[in-house]
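Undergrad: Dropping a structure here in structure tokens format, bear with me for questions.
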Amino acid sequence: MQNQLTVFNTLSRTKEKFEPINKGLVGLYVCGPTVYSDVHLGNCRTFISFDLIYRYLLHLGFKVRYVRNITDAGHLEGDRDEGDDKFTKKAKLEQLEPMEIVQKYTLGFHDVMREFNNLPPSIEPTATGHICEQIEMIKEIISKEYAYEINGTVYFDVEKYNKEFPYGQLTNRKLEDLLEGTRELSGQDEKRGRLDFALWIGAKKETLMRWPSPWGWGFPGWHIECSAMSSKYLGNTFDIHGGGMDLQATHHTNEIAQSQACNHKSPVKYWMHTNMLTVNGVRMSKSAGNGFLPGELFTGNHPLLEKGYSPMGVRFFMMQTHYRSTLDFSNDALQASEKGYARLMASIKTLENLKTSDTSTSSIKDLEKSCYAAMNDDFNAPILVANLFEGARIINSVNDGKETISAEDLDQLKKIMHDFVFDVLGLRPESSNSSKDKALQGVMDVILDIRKEIKAKKDFAASDKLRDDLKKINITIKDTKDGATWSIEE
RNA sequence: GGUCCUGUGGCCGAGUGGCUAGGCUGAGCUCUGCAAAAGCUCCUACUGCGGUUCGAAUCCGCACGGGACCUCCA
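Right under this line is the structure:
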């Protein structure tokens with residue numbers, strides 16, 4: 019394995035050496051989407067960031083079990099542990115069965131993930147598929163006396179828990195401070211502590227999604243599903259748990275509390291949190307009205323968008339920012355990275371036809387080292403991208419005859435570029451092999467051949483007209499000393 | 001109010017106590033019938049004020065600006 023991977027652990031707020039609990043194996047859990055509406059671009063960023071992490075771990079040779087859940091039940095609208103869950107609300111709104119809502123948005127989510135070329139996780143468990151596991155876990159927490167039941171609803175006793183475990187460790191907060199920031203219990207509240215949260219919520223007569231439990235009919239609280247499913251598939255303590263930074267303070271804090279209360283073990287060795295996508299400096303979210311959907315992004319059909327952007331262009335855009343930094347969206351930034359992406363991909367095409375020499379003028383070994391060093395430093399994709407552009411520079415220089423490369427180094431360079439661009443960054447050349455494309459290739463061969471003859475007769479007016487006319491339909495002709503090439507823009 | 005993060009060149013964005021990523025844009029040059037592409041060069045930054053240091057954009061303090069979380073949210 020290429021040197022030592024380090025990861026930034028939210029628990030310690032430092033970069034730590036990555037050493038999996040079981041040598042060669044990695045358990046990775048990422049909080050997935052709540053499928054009651056379309057995912058927006060901000061949601062996608064998190065999943066793309068973890069796709070990069072997953073891909074690099076695979077590239078390093080780890081056997082990774084990647085679990086990413088689908089939340090399809092048990093998510094309340096507000097913080098009061100009362101009212102409808104999100105699915106019931108949406109189902110009533112759209113006059114559908116809750117599970118129709120779930121199905122619709124799950125399929126949509128998968129489509130978007132595929133567009134962005136995200137690898138599917140090893141297991142994608144759903145909350146509704148693991149009601150029994152959640153009930154068992156709640157029973158266990160009650161038996162250890164960290165939870166109590168009132169009128170069919172089970173609450174986690176945060177203050178009691180905090181006497182034995184540090185409740186706010188993930189966000190470096192003390193219980194007293196947390197209590198200060200919370201509103202007083204209102205007369206309607208039945209829970210004992212202001213920070214107590216629901217593990218199981220008793221169904222009201224209008225609740226559509228409900229299951230039987232020892233406490234009557236009801237549905238699970240939001241946090242318990244991740245605790246139950248992660249421990250089921252990855253064990254009571256596993257390597258990496260990830261999610262967006264917005265989940266850190268509440269969701270993940272409560273997850274730790276539940277698992278700790280149940281198993282008396284810290285559930286996760288490395289907590290990893292990805293930063294937010296912003297628009298004009300403000301976090302993209304549905305409530306802020308500044309979010310847009312991947313579909314709108316691809317077509318450009320949104321007031322904030324000047325044009326459509328390809329999924330791979332967007333993915334590359336995200337790869338130029340570290341996952342722990344906020345990424346500000348703008349048309350300018352996106353268009354800039356689209357161009358850079360095109361240049362990088364063009365160089366990879368060029369790479370296939372490079373001529374070799376006896377010696378190399380650039381050190382391919384150093385390039386490789388730099389690529390691994392970048393990724394080993396907490397998955398620093400922006401530095402990796404910078405290095406890949408150095409690779410592009412070498413490729414183009416060799417192609418221009420300004421530098422040379424040995425056959426051995428060329429093989430190595432090909433491997434580096436392919437491994438990192440396609441396998442690690444997960445970029446995919448927008449290629450297709452349809453019969454239409456093959457026909458177009460044939461047609462262009464004929465046209466370029468005719469143009470070559472025209473040029474040989476020095477009829478530049480005619481050859482330029484041909485080139486200009488093709489340009490009008492977005493086909494670019496480039497004359498090089500080895501003949502002409504063509505490509506389709508956008 | 002509490003807990004944090006952050007402020008980098010025209011734009012986007014990395015970053016280490018000294019050797020100053022990368023992309024995009026702009027200007028120039030080379031190459032070329034021209035164009036395009038490509039390569040090279042240039043425009044060389046670190047919010048402000050103090051402090052530590054031989055030396056700080058990088059460490060510390062203060063100020064100002066931006067943001068996140070503390071309520072559902074990737």
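Numbers 19 to 508, taken from my numbering, label the letters of the first sequence in order. Glycine residues also receive a C-beta, built at the ideal position from the N, C-alpha and C atoms. Small disclaimer: the values here were computed from a predicted structure and weren't measured.
So, is Gly92 buried or exposed, given that buried needs 16 or more other C-beta atoms within 10 angstroms?
TA: Result: buried.
Undergrad: When you measure from the CB of Thr52 to every non-hydrogen atom of the ligand MN, does any distance come out below 8 Å?
TA: Summarising the ligand content, the structure contains no ligands, and the ligand MN is consequently not present.
Undergrad: From the DSSP output, in three-state form, read off Trp235 for me.
TA: coil
Undergrad: Would the beta-carbon of Met336 fall within 9 Å of that of Asn293?
TA: no
Undergrad: Pull up the distance between the alpha-carbon of Ser30 and that of Lys192, whole angstroms please.
TA: 16 Å
Undergrad: Would you check if the distance between the CB atom of Lys41 and the CB atom of Gln22 is smaller than 9 Å?
TA: no
Undergrad: Could you pull out every residue in the same chain whose Cβ sits closer than 6 Å to the Cβ of Asp97, ignoring the five residues on either side in sequence?
TA: With a pLDDT of 45 at Asp97, under the threshold of 50, the modelled position of that residue is not reliable, and no figure is offered here.
Undergrad: Is Phe407 closer than 9 Å to Leu362 when the C-beta atoms are compared?
TA: yes
Undergrad: Do Asp396 and Arg333 count as a contact pair if the criterion is CB distance below 9 Å?
TA: For the pair Arg333 and Asp396, the CB atoms are not nearer than the 9 Å cut-off.
Undergrad: Are the beta-carbon atoms of Pro143 and Met227 separated by less than 9 Å?
TA: Inclusion of Pro143 and Met227 in the CB contact set at 9 Å is not warranted, their separation being larger than that value.
Undergrad: Please work out which residues of its chain come closer than 7 Å, Cβ to Cβ, to Ile506, disregarding the five sequence neighbours upstream and downstream, and give them in chain order.
TA: Asn492 and Ile493
Undergrad: In angstroms, rounded to a whole number, what distance separates the CA positions of Asn190 and Thr32?
TA: 13 Å
Undergrad: Can you list, in chain order, the stretches of the alpha helix (DSSP H) that have 4 or more residues and sit fully within the segment 31-118?
TA: You should have 59-77 and 104-112.
Undergrad: Near Asp257, which residues of its chain fall below 7 Å by C-beta distance, leaving aside the five closest residues on each side in sequence?
TA: Around Asp257, the same chain offers Pro38, Ile39, Val44, Gly45, Leu46, Lys287 and Tyr288 as residues with beta carbons nearer than 7 Å, after the five sequence neighbours per side are excluded.
Undergrad: Below 8 Å on the Cβ atoms is my contact criterion, and I expect Glu356 with Gly331 to pass it. Report the Cβ-Cβ distance as a whole number of Å.
TA: 4 Å
Undergrad: Would you mind reading off the limits of the beta strand (DSSP E) that contains His509?
TA: Since the displayed the chain opens at 19 and closes at 508, residue 509 lies outside it and no answer follows.
Undergrad: Does DSSP put Arg446 in a helix, a strand or coil?
TA: coil
Undergrad: Could you tell me which of Ile382, Tyr74 and Val300 sits nearest to Thr422, measuring between CA atoms?
TA: Ranking the options by Cα distance to Thr422, first place goes to Ile382.
Undergrad: Please work out which residues of its chain come closer than 7 Å, Cβ to Cβ, to Lys473, disregarding the five sequence neighbours upstream and downstream, and give them in chain order.
TA: Ser481
Undergrad: Distance, Cα to Cα, Glu182 vs His340?
TA: 36 Å
Undergrad: Just the C-alpha distance for Ser18 and Thr344, rounded to the nearest angstrom, thanks.
TA: There is simply no residue 18 to check, as the chain begins at 19 and stops at 508 in what is shown.
Undergrad: Mind checking whether Ile141 and Val85 have CB atoms under 9 Å apart?
TA: yes
Undergrad: Measure the C-alpha to C-alpha separation of Glu198 and Lys157 and round it to an integer number of angstroms.
TA: 30 Å
Undergrad: For the alpha helix (DSSP H) that contains Asn394, what are its first and last residues?
TA: For Asn394, the enclosing alpha helix (DSSP H) begins and ends at Ile382 to Asn394.
Undergrad: Which residue marks the beginning of the beta strand (DSSP E) containing Asp257, and which one marks its end?
TA: Phe256 to Gly262
Undergrad: Answer yes if the segment 54-68 comes into contact with the segment 294-309, meaning at least three C-beta pairs across the two stretches below 8 Å, and no otherwise.
TA: yes
Undergrad: Within 10 angstroms of its Cβ, does Asn319 collect 16 or more other Cβ (buried), or is it exposed?
TA: exposed
Undergrad: How about Ser231 and Asn254: are their beta carbons less than 9 Å apart?
TA: no
Undergrad: Between which residues of its own chain and Asn394 is the CB-CB distance below 8 Å, once the five residues before and five after are set aside?
TA: Within the same chain, Asn394 has close Cβ partners Gln20, Asn21, Gln22, Leu23 and Thr24.
Undergrad: Here's a check: name, in chain order, each residue in its chain whose Cβ is nearer than 6 Å to the Cβ of Leu352, leaving out the five neighbours to either side.
TA: Tyr327 and Phe335
Undergrad: List the endpoints of the continuous beta strand (DSSP E) containing Thr344.
TA: Looking at the DSSP string, Thr344 is not in any beta strand (DSSP E), and its letter there is neither H nor E.
Undergrad: Look at the alpha carbon of Arg446 and the alpha carbon of Gly50, and state the distance between them as a whole number of angstroms.
TA: 23 Å
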